[in-house]
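Following: one structure in structure tokens, then a few remarks.
2 protein chains.
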Amino acid sequence: MLLIPLEFGTKEPLYEQIYLAVKEEIKTGALPFGAKLPSARRLAKHLGISRNTVDTAYGQLVSEGYVKAEPKRGFFVCQVEELADLKISLELPKEEVEPEPEEIPYDFSPSGVDMSQFPYHIWRKLMKDIMIDDHRELFQKGNFQGDLELRKAIMYYLRQSRGVHVTTSQIIVGAGMENLLFLLRQIFGGAKTVGIENPVYIHAHEMLKELGFEIRPITMDESGLSVKELETSGADLAYVTPAHQYPTGVVMPIGRRSQLIRWAEKEEGRYIIEDDYDSEFRYFGKPIPALQGISQSNKVIYMGTFSRAIAPAIRVSYMVLPQQLIRAYREVGKAFSCAVSRIDQRVLTLFLTEGHFERHLNRMRNIYKEKHDLLLSCLQEMGDGVKVSGQGAGVHVIAEFPVKDNQRFEICLRERGVVIYPLSRYYIERSPEREQYILGFTRMTKEDMIEGSGIIREVLCLIT
Amino acid sequence: MLLIPLEFGTKEPLYEQIYLAVKEEIKTGALPFGAKLPSARRLAKHLGISRNTVDTAYGQLVSEGYVKAEPKRGFFVCQVEELADLKISLELPKEEVEPEPEEIPYDFSPSGVDMSQFPYHIWRKLMKDIMIDDHRELFQKGNFQGDLELRKAIMYYLRQSRGVHVTTSQIIVGAGMENLLFLLRQIFGGAKTVGIENPVYIHAHEMLKELGFEIRPITMDESGLSVKELETSGADLAYVTPAHQYPTGVVMPIGRRSQLIRWAEKEEGRYIIEDDYDSEFRYFGKPIPALQGISQSNKVIYMGTFSRAIAPAIRVSYMVLPQQLIRAYREVGKAFSCAVSRIDQRVLTLFLTEGHFERHLNRMRNIYKEKHDLLLSCLQEMGDGVKVSGQGAGVHVIAEFPVKDNQRFEICLRERGVVIYPLSRYYIERSPEREQYILGFTRMTKEDMIEGSGIIREVLCLIT
């Protein structure tokens, strides 16, 4: 008979005590393969407990495969390969401490958003409104392409503000660029060769590489990506940022745009990926219309995001597919649910349709313009030696400083709490002889910008 | 001099009218390449408007690349390749109507959740609470692995309820299985060969295939995936659902579990993907502990989701990586932000830490157990010819009906509004001779279940 030390009146139910005790006997080999357990009736009597309790314990042992029930014969120990080896260590692994990112006092980073201007109260109100009405349907599975209402709102925005030719069936809502680029890869049935601007938006380069795309860096000239070089590169896709090239700030003129479209039209499988990442921010004149809008031939895959225009945590991006890719998308897309929560989709829909987005953009455009102008005047005060380019749009400008030793320049700035971003790091190959720097102006306060620029000026005096 | 018909007092600003008129002239070729535009001063005088207005219009034309400004010489038309060809058609493409899914009166689908039980008021309250306090930080970019607080909450849940050995640094939060499987693919630096259960969870199969994994279907026997067959399949990965195999309902006994782990230990690159998709629901005895917990050797990649236990739209899944894969993950993972919105992460964290999840699970377990028992008794009433298996856990059971012509059986049911799901469709290859059916019981009301079962009984009488 089994020796089972039962403790009555503890938190652990009796059936679990029996279950654990028998399991332990099997694991240690005390109950070998094939051994017969006492019948439930006998064990119950022996332990002075109810038959039901033993039945439950045996049932659990059977479920987990330690014991086999043979009709009319009883319960037998199953063969378990070297169970002793698999014993669970009760010691939990030590927690690794995750490194905290360092605080930089004067960070001219081009990424990030002026969050002091985030329309938190409106977002909160919309969210509360949604939560007050009964919207249980938002917790059901939604359309894999994104909810129709949101796609409608995006469609109107893109038509009116970006001149994009689009219907709701062409729009795919995703959680960030990576999500959409992944879908694109699936639509193409695998990775293709993609020509990308050199220098380039590093994050896009990383993602395309991670997704297995073959990368061909294409030289940027004063009009943008060199279509001549693209032609001979063997690329099927071209990844471009025509509205305000990242990082150089070049606006692709209409001539180059039409060249690029003609390149894509030459072969069936060729497409242009237009990343319209910061098109909302242009500080002089009208916005430059999207490349997608001038292509009759359905050769442009248009991408945009709300992360930059609203807040980094609003992980909603969208992609506009040419008509002829929609069928392929539907085939693969239905295997992947839309990764954006339906509540977020609903809030964003209201934010767009109730006019908050437009107002927010107008306000941000003014704020960023002030910061942009302030940064330009700060740079001007540094003297004629400082050459500025890429201004007038987006969230950063490019500056070249009259220094010989760039490394020393960066270290001196860094020691004083200032970080600016060398353009050379954005090159995939052939970085230029003269170093230039990216200075973002959106996230900084004006005070910090003035102080940070003051430090740059001081360092320039110090080392030149 | 240019002929520009200006309309005063309209909504369209004067500068835009000039800009559009000149652009049109260039596009049609009326202003050829190299042509000089009138100076801004002259044109302003000629049109009787301010110089500033013309400057703005010319500025826009320069930005978009239609016109080039040459210092001291004036404005010249740029070369634009066959612009006429690129004219935008003003007609918008017709909207494609997206098909609505058909309503099925008695749908025994195994997917979906009993949403009448969704703790909507609690979720709403948590959301409102978050919105009342100032949580601006939630709109900033979060940790790419998922917010630490949520990972902590998941860690406690997995340790206590599933016996999973885990620290927060091993947990990755993602928006659905596809998101996590994609990350896994990146961690392995490409797709590997994966042995999957046959029959299998179709959606997992589709996703793995879409992600480029090489698929090896492995026979299921009464203890689950055949490790013997896996051994000779050439697979590096094994995708399994040991707690309650989908769709057969088999619980993998401890003997097979240890065999599987030993298989993985034989070679360095081998891993087991344990999809613990419905482990929360077990209706007799204790839950079966996760396979991950008995593996000393860090060979199990554990996956779970909240979509099934809470609501389909809660697109939060998690993956527990073995220690030795974390470094590789950090390398690739940092290129991809966490796809779950931080507000959702925060709500879920509170839902877990404040005990709502446990209460919700207990309630759902009771409700599902009632439905499970009801379905079993409905099936029993159909007579001895109906054989049931896979019961006792999860969200569905398997039934074999005494019919010769399965197709006719399905059609007759369908005509009467009943849909049950043939198991053969879940086979990747070698579907079995005798058809069996999946009957899900979570989403249906009890009344529908009784009525639907009545119809099945009628049809059985009719065709046998």
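Protein sequence lines, in the order shown, are assigned to chains D and B.
Each residue of the first sequence is one higher than the one before, starting from 0 at the first, in numbering that gives the first Met the number 0.
Each residue of the second sequence is one higher than the one before, starting from 0 at the first, in numbering that gives the first Met the number 0.
No residue lacks a Cβ here, since even glycine has one placed at the ideal position from N, Cα and C.
**OP:** Would you kindly work out how many angstroms separate the C-alpha atoms of R215(B) and Y367(B), rounded to a whole number?
**Re:** 34 angstroms
Original post:
Opposite M219(B) in the DSSP bridges: which residues?
Top reply: L224(B)
**OP:** Please state whether DSSP places F283(D) in a helix, a strand or coil.
**Re:** coil
**OP:** Check distances from the C-beta atoms of the region 326-341 of chain B to those of chain D and list, in chain order, the residues that come in under 7 angstroms.
**Re:** V331, A334, F335, S336, A338, S340 and R341
Subject >> Against chain D: residues of the region 228-248 of chain B by CB proximity under 9 angstroms >> reply: none
**OP:** Just the C-alpha distance for R407(D) and Y426(D), rounded to the nearest angstrom, thanks.
**Re:** 21 angstroms
Original post:
What residue range is occupied by the uninterrupted alpha helix (DSSP H) comprising H355(B)?
Top reply: H355 to E380
Original post:
Quick one: does T55(D) have its CB under 8 angstroms from some CB of chain B?
Top reply: yes
**OP:** Look at P31(B) and V66(B) and say whether their C-beta atoms are less than 8 angstroms apart.
**Re:** no
Subject >> Candidates Y119(B), G332(B) and R413(B): closest to F107(B) by CA position >> reply: R413(B)
Original post:
Closest to V250(B) by CA distance: which of G175(B), G384(B), E450(B) and D277(B) is it?
Top reply: D277(B)
**OP:** Classify N178(B) as helix, strand or coil using the three-state DSSP reduction.
**Re:** helix
**OP:** Would you kindly work out how many angstroms separate the C-alpha atoms of N160(D) and R326(D), rounded to a whole number?
**Re:** The amino acid at residue 160(D) is misidentified as Asn; the sequence shows Ser. Roughly 27 angstroms separates the two Cα atoms.
**OP:** Can you give me the start and stop residues for the alpha helix (DSSP H) that E205(B) sits inside?
**Re:** I201 to E209
Subject >> alpha helix (DSSP H) segment containing M130(B), residue limits >> reply: Y119 to I131
Subject >> Straight-line gap, I186(D) to P198(D) (C-alpha atoms, nearest Å) >> reply: 27 angstroms
Original post:
So, are the CB atoms of Y282(D) and H371(D) less than 8 angstroms apart?
Top reply: yes
Subject >> Closer than 8 angstroms to chain B by CB, Q185(D) >> reply: yes
Original post:
What does M302(B) pair with, by DSSP beta-bridge criteria?
Top reply: D274(B) and M318(B)
Subject >> Inter-residue CB distance, L422(D) and Y436(D) (contact presumed, cutoff 8 angstroms) >> reply: 6 angstroms
**OP:** Using a Cβ cut-off of 8 angstroms (strictly closer), state whether I410(D) contacts chain B.
**Re:** no
Subject >> Short CB-CB distance (under 8 angstroms) between V385(B) and chain D >> reply: no
Original post:
Secondary structure at L89(B), three-state DSSP: helix, strand or coil?
Top reply: In this prediction, L89(B) has a pLDDT of 45, which is less than 50 and means its spatial position is unreliable; what the coordinates show is noted afterwards. Looking at L89(B) - three-state DSSP - the assignment turns out to be coil, as it is neither helix nor strand.
**OP:** Work out the CA separation of R184(B) and L13(D) for me, nearest whole Å.
**Re:** 45 angstroms
**OP:** Count the C-beta pairs between the region 121-141 of chain B and the region 436-455 of chain B that are closer than 8 angstroms, then say yes if the count reaches three, no if not.
**Re:** no
Original post:
G73(B) lies in the beta strand (DSSP E); which residues open and close that run?
Top reply: G73 to V76
Subject >> Assigned secondary structure, G254(B) (DSSP; H/G/I helix, E/B strand, else coil) >> reply: helix
**OP:** Reducing DSSP to helix, strand and coil, say where T352(B) ends up.
**Re:** helix
Subject >> G145(D) and Q344(D) closer than 8 angstroms at C-beta >> reply: yes
Subject >> Where the beta strand (DSSP E) through S388(B) begins and ends >> reply: K386 to S388
Subject >> Other residues of its chain near S452(B): CB distance less than 6 angstroms, five sequence neighbours each side excluded >> reply: C377
Subject >> Beta-bridge partners of D106(D), as assigned by DSSP >> reply: V418(D)
**OP:** With 9 angstroms as the limit, tell me which residues of the region 193-224 of chain B have their beta carbon closer than that to any beta carbon of chain D; keep them in chain order.
**Re:** H202, E205, M206, K208, E209, L210, G211 and S222
**OP:** Under 6 angstroms Cβ to Cβ from R415(B), same chain only, skipping five residues before and after it: list those, please.
**Re:** I454
Subject >> Residue closest to I462(D), alpha-carbon to alpha-carbon, out of V402(D), Q139(D), K298(D) and L182(D) >> reply: V402(D)
Subject >> Member of L375(B), M381(B) and G382(B) whose CA lies at the smallest distance from the CA of S388(B) >> reply: L375(B)
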